[in-house]
Amino acid sequence: MDPLITLLEEAYGENLRVVYRHFPLTSIHDKAFVASEATEAAGAQGKFWEMHDLLFKRQAEWSGLTPNQFLETLAGYAEELGLDVERFSEDMASHAYAEKVQKSYDEAVSIGLPGTPTVFINGRYYPWDFSKESVDVFLDMISREYDGPPPQVIDPAKKYTATLRTTKGDIVIELFADQVPVTVNSFVFLAREGWYDGVTFFRVIPDFVAQTGDPTNSGYGSPGYMCDDEIVPALTYDAGGMVGMASQGPGTSTVGSQFFITYVPLPTLNGQYTIIGRVVEGMDVLQNLTPRDPSQGGNLPQGDVIETIVIEER
Amino acid sequence: MRKFALLVIIVIVGLVAGCNTPTPSPTATPSPTEPPTVAPAATTPGTVECRARAFGKVDGLPPVSDQDWVRGPADAPITLIEYSDFQ
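Chains as they are written, first to last, in the working numbering: chain A, 40 to 353; chain B, 3 to 89.
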């Protein structure tokens, strides 16, 4: 086990179950396959995890050995763990568990795993570091997701405004429901669901944009569904106060819940990110938001928070 | 690549193979340095859709079975599956 996962086991205690599956990258790790076989041979004698832990612990000791030396070392480990060494060595010599290891490897390849270690948490690919903090954010994120796209909640023939009640004051946004009906519908749905309540302006770059809308405040959060871009040429970033939807890039159909508000004209964004509205009141509040740039790392100041978003329909 | 994305979700296939995992740094930017080279096409009304897209959902991940090596309680609320090797 990656030592960092061991730390997670300590942190979560009885709340965490860990499953180990073999993915020996034989092309770059010449003894990885044999090591996996050794854990299986130990497992046949009830000591899989013991061998597993020992191999990780002594990695520096054996990783430079020749394959033959490694077999001898493994026999030594088997003895150290109180295994029946003769049986263990026979299993290794006959490759009794090679098929099982190979099957696991093939499975990993067919799923398309990028390398080792690759981790799934509650069935989802987990791309981050193994700190409890990051895992908590991940669990929080997937627990909030909706199962599908939002229901129709707006009437595009009506007028909608969204009032962002922030810790610095109100920002009132006119929503372009008639021109951008799908994305505004999603935004209104999420706002009414309370999705944005307590969410931080996690990325505030003066003279550029203030970004928010991610309940995890990590920049990764999304509502479990994603929408196509909804680009209307008449709507542009040619003024400050434009409200756009964040995405992974133009044309990627990855519009979720995150949005940003421009501080200044940003015509280079025209056509790149769906515009859903514009600020009609509270530009001064926007200007007062605490600057913070997560890409700079380090200790970021506490961001300002959206207490709630009030949708008005006329 | 990352710096041009407003938010990075995930791509399961095609990540660089290796032993490092990226940290969850919110990336970021609608980059002002990349002006579009062609006039952006307007979205055709009526074609815009939202669809379910759960974070990190992967087809073909076998569920935990009695063939697996498992450590921790069967009823634990968090299950972590690690594909790894020892070297």
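Cβ atoms here follow ideal geometry from the backbone N, Cα and C, with glycine treated the same way. Owing to the predicted nature of the structure, the values given are computational and were not obtained by experimental measurement.
{"Item": "C-beta atoms of leucine 47 of chain A and valine 174 of chain A nearer than 8 Å", "Value": "yes"}
{"Item": "Contact list for glutamate 269 of chain A against chain B, beta-carbon separation under 7 Å", "Value": "Thr45 and Val50"}
{"Item": "Chain-order list of residues whose beta-carbon lies under 8 Å from that of valine 271 of chain A (same chain, five-residue window excluded)", "Value": "Phe215, Gln218, Val219 and Ile314"}
{"Item": "Among A/Asn309, A/Tyr259 and A/Leu43, the one whose alpha carbon lies nearest that of serine 170 of chain A", "Value": "A/Leu43"}
{"Item": "Every unbroken alpha helix (DSSP H) within the stretch 101-139 of chain A, with a cutoff of 4 residues, ordered by chain", "Value": "106-119 and 124-132"}
{"Item": "Min CB distance proline 106 of chain A to chain B below 8 Å", "Value": "no"}
{"Item": "Glutamate 84 of chain B and aspartate 145 of chain A closer than 8 Å at C-beta", "Value": "no"}
{"Item": "Validate contact between the stretch 239-247 of chain A and the stretch 311-330 of chain A using beta carbons, cut 8 Å, 3 pairs", "Value": "yes"}
{"Item": "Residues that methionine 284 of chain A bridges to, as DSSP identifies them", "Value": "A/Phe298"}
{"Item": "Supposed close pair proline 188 of chain A, arginine 53 of chain B - CB separation, criterion 8 Å", "Value": "6 Å"}
{"Item": "Boundaries of the beta strand (DSSP E) in which glutamate 352 of chain A is found, first to last residue", "Value": "344-352"}
{"Item": "Below-8 Å beta-carbon distance, aspartate 186 of chain A vs any chain B residue", "Value": "yes"}
{"Item": "Neighbouring residues, chain B, relative to isoleucine 212 of chain A (Cβ below 9 Å)", "Value": "Ordered by position in chain B, no residue passes the 9 Å Cβ test against isoleucine 212 of chain A, which lies about 18 Å from the chain."}
{"Item": "Within chain B, the residues that isoleucine 193 of chain A reaches when beta carbons sit closer than 8 Å", "Value": "Those do not exist, as isoleucine 193 of chain A stays about 13 Å from chain B at its closest Cβ, beyond 8 Å."}
{"Item": "Own chain, CB closer than 7 Å to lysine 139 of chain A, minus 5 neighbours either side, in chain order", "Value": "Glu79"}
{"Item": "Proximal chain B residues relative to serine 225 of chain A, where beta-carbon distance stays under 7 Å", "Value": "Cys52"}
{"Item": "Interface partners of methionine 180 of chain A on chain B, CB under 7 Å", "Value": "Phe57"}
{"Item": "Contacting residues, own chain, Cβ-Cβ under 8 Å from alanine 285 of chain A (five flanking each side not counted)", "Value": "Gln250, Gly252, Val294, Gly295, Gln297, Phe298, Phe299 and Tyr312"}
{"Item": "Touch test, the stretch 56-72 of chain A against the stretch 154-167 of chain A, Cβ-Cβ under 8 Å, three pairs minimum", "Value": "yes"}
{"Item": "Close beta carbons around valine 319 of chain A, own chain, < 6 Å, minus the five adjacent residues each side", "Value": "Val211 and Glu213"}
{"Item": "Closest Cα partner of serine 182 of chain A within the set A/Asn161, A/Asp168 and A/Tyr199", "Value": "A/Asn161"}
{"Item": "Contacts around glutamate 351 of chain A, its chain only, beta-carbon distance under 6 Å, and the 5 residues preceding and following it disregarded", "Value": "Thr200"}
{"Item": "Beta-bridge pairing of lysine 59 of chain B - partner residues as DSSP gives them", "Value": "A/Arg163"}
{"Item": "Option nearest threonine 46 of chain B by Cα separation, candidates A/Asp277, A/Gly115, A/Val58 and A/Glu269", "Value": "A/Glu269"}
{"Item": "Neighbour flag for aspartate 87 of chain B against chain A, beta carbons, 8 Å", "Value": "yes"}
{"Item": "Residues of its chain near proline 24 of chain B, where Cβ-Cβ distance is below 6 Å and the 5 sequence neighbours each way are ignored", "Value": "Annotation note: pLDDT 28 at proline 24 of chain B (below 50); position unreliable, no value reported."}
{"Item": "Helix, strand or coil at alanine 74 of chain A according to DSSP, with G and I counted as helix", "Value": "helix"}
{"Item": "CB contact check: aspartate 343 of chain A to chain B, cutoff 8 Å", "Value": "no"}
{"Item": "Same chain, Cβ closer than 6 Å to arginine 353 of chain A, five either side skipped, listed in chain order", "Value": "Lys198"}
{"Item": "Burial state of proline 37 of chain B, where buried means 16 or more other Cβ atoms lie within 10 Å", "Value": "Caution applies to proline 37 of chain B, whose pLDDT of 36 falls short of 50 and renders its modelled position unreliable; the value that the coordinates give is listed next. Exposed, because fewer than 16 other Cβ atoms sit within 10 Å of the Cβ of proline 37 of chain B."}
{"Item": "When A/Leu93, A/Asn224 and A/Val192 are compared against valine 50 of chain B, the one with the closest alpha-carbon", "Value": "A/Asn224"}
{"Item": "Run of the alpha helix (DSSP H) containing isoleucine 44 of chain A, from where it starts to where it stops", "Value": "42-51"}
{"Item": "Inter-residue spacing [alpha-carbon to alpha-carbon] between phenylalanine 177 of chain A and tyrosine 51 of chain A", "Value": "14 Å"}
{"Item": "Beta-carbon contacts of proline 106 of chain A that lie in its chain and below 8 Å, excluding the five residues immediately before and after", "Value": "Asp69, Lys70 and Val73"}
{"Item": "Chain B contact residues for leucine 190 of chain A, given Cβ-Cβ distances below 7 Å", "Value": "Note on residue identity: the sequence assigns proline, not leucine, to residue 190 of chain A. The contacting residues do not exist; proline 190 of chain A stays about 10 Å from chain B at best."}
{"Item": "Alpha helix (DSSP H) segment containing serine 261 of chain A, residue limits", "Value": "Premise fails: serine 261 of chain A is in no alpha helix (DSSP H) and is neither H nor E."}
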